[in-house]
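K.L.:
Here's a structure for you.
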Amino acid sequence: MPDIRMTQRVVHAHLASWRFFSALALPPLLLAFLLLGSFQSALLLALFLLTQYYCWRLWLDERLFPLLNSEDDLAAFDAGMARLWSAKPGPARSMEQRWRGARRILHRAMSALTALWLVAIVSSLGMI
């Protein structure tokens, strides 16, 4: 098992990239308003919202991961999350599984942002 504190710091640094993703999603949003009423506008708005959803998830993880300082904290953390979201506590997940989940959200945020920009570029070429 790697040093949990160092891994947590590395994960935290990458999760903080939500700020850049969120900011980079703004120019395509402006284009969506310029194309208001078109199919491209609806697609841009949907991709913008999807990107912002993943940014919100990264923001949450960025704040929640520092609460997990050791494997001993996992059960109490899961109990607190279950209570907050009115859910039944599921099987305990390891730190490795949690890091994989955070990486998956990070990749989805990057994919949503890339798709947003691709649609924005193609849409702007149609305006020329």
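According to our numbering, the sequence shown holds residues 767 to 894 in order. Note that CB positions come from ideal geometry on N, CA and C, so glycine has one too. Keep in mind the model is a prediction, meaning the values are calculated, not measured.
Report the CB separation of Ser889 from Leu810 in whole angstroms; it is logged as a contact under 8 Å.
P.N.:
At roughly 7 Å, the Cβ-Cβ gap stays under 8 Å, so Ser889 and Leu810 are in contact.
K.L.:
Throw me the rounded Cβ distance for the Leu824 and Leu891 pair, which I believe falls under 8 Å.
P.N.:
30 Å between Cβ atoms; not a contact.
K.L.:
Quick one: residues in its chain with C-beta nearer than 7 Å to the C-beta of Ser807, no 5 flanking neighbours on either side, listed in chain order?
P.N.:
If we look at Ser807 and ignore the five residues flanking it on each side, its Cβ neighbours are Ala798 and Leu801.
K.L.:
How long is the line joining the alpha carbons of Phe814 and Gln774, rounded to whole angstroms?
P.N.:
One C-alpha to the other measures close to 29 Å.
K.L.:
Apart from the five residues just before and just after Asp827, which ones in its own chain have a Cβ nearer than 6 Å to its Cβ?
P.N.:
If we look at Asp827 and ignore the five residues flanking it on each side, its Cβ neighbours are Leu781 and Ala868.
K.L.:
Verify whether the separation of the beta carbon atoms of Leu840 and Ala858 is less than 7 Å.
P.N.:
Against a cut-off of 7 Å, the Cβ pair of Ala858 and Leu840 comes out as a contact.
K.L.:
Along the chain, where does the alpha helix (DSSP H) containing Pro859 start, and where does it finish?
P.N.:
According to the sequence as given, residue 859 is Arg; it is not Pro. Premise fails: Arg859 is in no alpha helix (DSSP H) and is neither H nor E.
K.L.:
Output the distance between the C-alpha atoms of Arg864 and Ser804, rounded to the nearest integer angstrom.
P.N.:
For Arg864 and Ser804, the distance between alpha carbons rounds to 40 Å.
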